[in-house]
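S.K.: Our numbering puts the sequence shown at residues 37 to 303.
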Amino acid sequence: MPGSALRRLLAATFATAALAAGALAAAPAANASTGGYVAMGDSYSSGVGSGSYISSSGSCYRSTLAYGYLWQQSHAPSSFGFVACSGATTTDVLNNQISALSSSTTEVSITIGGNDAGFSSTMETCVLDGTSSCLSAVSTAENYINTQLAARLDAVYSAIRSHAPNAHVVVLDYPHLYAVPGSCLFGISNTSRTAINGAADALATVTAKEVAKYGYSFGDVRGAFSGHEICSSNSWLHSTTLPIYESYHPTSAGQSGGYLPVFSANA
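#1: Please confirm whether residue 261 and residue 107 have their CB atoms less than 8 Å apart.
#2: Short check: CB of residue 192 to CB of residue 254, under 8 Å?
#3: Is there a Cβ of chain B sitting closer than 8 Å to that of residue 271, yes or no?
#4: For the beta strand (DSSP E) containing residue 145, list its first residue and its last residue.
#5: What are the start and end residues of the alpha helix (DSSP H) that includes residue 117?
#6: So for residue 174, helix, strand or coil by DSSP?
#7: Is the beta carbon of residue 162 sitting closer than 8 Å to the one on residue 219?
#8: Under the assumption that residue 146 contacts residue 76 (Cβ atoms under 8 Å), give the Cβ distance between them as a whole number of angstroms.
#9: Where DSSP assigns a beta bridge to residue 254, which residues make up the other side?
#10: For residue 229, which of 169, 94, 139 and 187 has the nearest alpha-carbon?
#11: Take the Cβ of residue 97 as the centre, count every other Cβ of all protein chains shown within 10 Å, and call the residue buried at 16 or more, exposed below.
#12: May I have the straight-line CA-CA distance separating residue 154 from residue 282, to the nearest angstrom?
#13: Label residue 184 either buried or exposed according to how many other C-beta atoms from any shown protein chain fall within 10 Å of its C-beta, with 16 as the threshold for buried.
#14: Once DSSP output is grouped into helix, strand and coil, what is the label at residue 180?
#15: What distance in whole Å lies between the Cβ atoms of residue 212 and residue 160, which are believed to be in contact at a cut-off of 8 Å?
#16: Can you list, in chain order, the residues of its chain whose CB lies under 8 Å from that of residue 290, leaving out five sequence neighbours each side?
#17: Which of the three DSSP states, helix, strand or coil, is assigned to residue 123?
#18: Give the secondary structure of residue 164 by DSSP, where H, G and I count as helix, E and B as strand, and everything else as coil.
#19: Using C-beta distances below 6 Å, list every residue in its chain close to residue 99, excluding the 5 sequence neighbours before and after it, in chain order.
#20: Any idea if residue 151 is buried or exposed, counting beta-carbon neighbours within 10 angstroms, 16 or more meaning buried?
#21: Taking just the CA atoms, how far does residue 215 sit from residue 233?
#22: Would you tell me roughly how many angstroms separate the C-alpha atoms of residue 231 and residue 165, rounded to the nearest one?
#23: Going by Cα to Cα distance, which pick from 270, 248 and 302 is closest to residue 257?
#24: Give me the Cβ distance between residue 137 and residue 199, rounded to the nearest whole Å; I'm assuming they're in contact under 8 Å.
#25: For residue 179, does the count of other Cβ atoms within 10 angstroms reach 16, so buried, or fall short, so exposed?
#26: Is it buried or exposed for residue 132, if we count other Cβ within 10 angstroms and need 16 for buried?
Spelled out as structure tokens, the structure:
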């Protein structure tokens with residue numbers, strides 16, 4: 037696919053996902069307010085990339101193969117609120133997902149922050165514009181992570197505490213996307229891959245610090261995905277793929293083999 041056409045497709049897809057996060061995350065599962073377990077956050081929690089999407093979730097792309105859905109199947113909480121949505125930011129969580137919580141909620145999981153830091157646009161730049169532009173985009177993202185994201189995460193965690201004071205909360209991070217050097221012969225440079233992984237580390241560091249303030253559990257998935265990054269021999273992550281919105285997200289194996297065990301160990 038020519039670069040200009042791919043850029044238009046990427047831009048349209050990312051824009052659609054952002055709009056969907058605001059429009060569709062406002063409709064949580066009907067029984068979410070009754071307590072039990074609530075799975076919140078962005079596409080890494082909704083299950084984008086794993087397929088088996090719930091038709092009623094629309095462009096939130098909630099999957100029956102997402103770690104939260106898998107966990108509730110085996111643990112049978114009194115109720116399950118699945119409100120995670122593709123493209124969600126901290127603002128979307130506060131405006132559209134927090135109402136799924138109540139004083140009887142006992143378990144909460146969430147991934148959030150990647151979209152605030154511009155993950156989608158950064159990856160678009162890295163894929164299409166070369167190493168120099170990629171490093172600049174990653175630097176911009178890391179500056180945001182290190183100077184502005186903490187306050188946004190704090191607002192989310194505080195709201196969770198307020199709306200679900202009796203809940204055990206597990207905040208999960210994001211995996212390294214790339215094995216470096218790995219087995220990929222084409223695609224972005226090793227320099228770009230290393231920088232992208234570094235941004236994931238910066239995001240994890242800020243997230244873990246904020247999580248500790250609330251006594252929540254921090255689920256670090258980077259170790260679970262070690263050896264399963266893009267450019268490994270057994271990747272649990274999509275590279276650039278079709279449909280485009282599944283690019284750079286965990287496969288079903290990444291949800292069941294990466295996220296689920298880490299969440300289960302911390303739940």
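Glycine residues also receive a C-beta, built at the ideal position from the N, C-alpha and C atoms.
M.R.: Let's see:
#1: Locating residue 261 in the sequence shown gives position 225, where the first residue counts as 1. Locating residue 107 in the sequence shown gives position 71, where the first residue counts as 1. No, Cβ-Cβ distance for residue 261 and residue 107 is not below 8 Å.
#2: Within the sequence shown, numbered from 1, the residue matching residue 192 stands at position 156. Within the sequence shown, numbered from 1, the residue matching residue 254 stands at position 218. Cβ atoms of residue 192 and residue 254: not closer than 8 Å.
#3: No chain B appears in the structure shown, which is made up of a single protein chain.
#4: Here residue 145 is taken as the residue at index 109 of the sequence shown, counted from 1. That run of the beta strand (DSSP E) goes 141–147.
#5: Position 81 of the sequence shown holds residue 117. Taken as a continuous stretch (DSSP letters only), residue 117 belongs to no alpha helix (DSSP H), being part of the beta strand (DSSP E) at 116–118.
#6: One-based indexing of the sequence shown puts residue 174 at position 138. Residue 174 falls in the helix class under three-state DSSP.
#7: The residue you call residue 162 lines up with position 126 of the sequence shown. The residue you call residue 219 lines up with position 183 of the sequence shown. Taking 8 Å as the Cβ cut-off, residue 162 and residue 219 do not qualify as a contacting pair.
#8: Stepping through the sequence shown from its first residue, residue 146 is reached at position 110. Stepping through the sequence shown from its first residue, residue 76 is reached at position 40. Taking C-beta atoms under 8 Å as the contact rule, residue 146 and residue 76 qualify, at a distance of about 4 Å.
#9: Taking the first residue of the sequence shown as 1, we reach residue 254 at position 218. Residue 254 pairs with 207.
#10: If you number the sequence shown from 1, residue 229 lands on position 193. Nearest option by C-alpha distance: 169.
#11: Residue mapping note: residue 97 aligns to position 61 of the sequence shown, counting from 1. Answer is buried; the Cβ neighbour count reaches 16.
#12: On the sequence shown, residue 154 is found 118 positions in, with the first residue counted as 1. On the sequence shown, residue 282 is found 246 positions in, with the first residue counted as 1. Taking the straight line from one Cα to the other gives about 16 Å.
#13: Indexing the sequence shown from 1 puts residue 184 at position 148. Residue 184 should be labelled exposed.
#14: Working through the sequence shown from its first residue, we reach residue 180 at position 144. In the structure shown, residue 180 sits in a helix (DSSP, three-state: H, G or I).
#15: Indexing the sequence shown from 1 puts residue 160 at position 124. Indexing the sequence shown from 1 puts residue 212 at position 176. With 8 Å as the limit, residue 160 and residue 212 do not qualify as a contact, their Cβ atoms being about 19 Å apart.
#16: Residue numbering aside, residue 290 sits at position 254 when the sequence shown is read from its first letter. Taken in chain order, the residues that qualify are 85, 86, 211, 261, 264, 272 and 273.
#17: Taking the first residue of the sequence shown as 1, we reach residue 123 at position 87. Note: residue 123 maps to coil in three-state DSSP.
#18: On the sequence shown, position 128 is the one that residue 164 refers to. In this structure, residue 164 counts as helix in the three-state DSSP scheme.
#19: Here residue 99 refers to the residue found at position 63 when the sequence shown is read from its first residue. Within the same chain, residue 99 has close Cβ partners 83, 86, 88 and 89.
#20: For the purposes of this step, residue 151 is taken as residue 115 along the sequence shown, with counting starting at 1. Of the residues assessed, residue 151 falls on the buried side of the cut-off, its CB having 16 or more other CB atoms within 10 angstroms.
#21: Working through the sequence shown from its first residue, we reach residue 233 at position 197. Working through the sequence shown from its first residue, we reach residue 215 at position 179. Going from the Cα of residue 233 to the Cα of residue 215 covers about 9 Å.
#22: On the sequence shown, residue 231 is found 195 positions in, with the first residue counted as 1. On the sequence shown, residue 165 is found 129 positions in, with the first residue counted as 1. So the two alpha carbons sit approximately 15 Å from each other.
#23: Sequence index remark: in the sequence shown, residue 257 carries index 221 (1-based). Among 270, 248 and 302, the Cα nearest to that of residue 257 belongs to 302.
#24: Within the sequence shown, the letter at position 101 stands for residue 137. Within the sequence shown, the letter at position 163 stands for residue 199. Going by Cβ atoms, the distance from residue 137 to residue 199 rounds to 4 Å, so yes, they are a contact pair.
#25: Along the sequence shown, read from residue 1 onward, the residue named residue 179 stands at position 143. Result: exposed.
#26: Against the sequence shown, residue 132 aligns to sequence position 96. Looking at its Cβ environment, which holds 16 or more other Cβ atoms inside 10 Å, residue 132 is buried.
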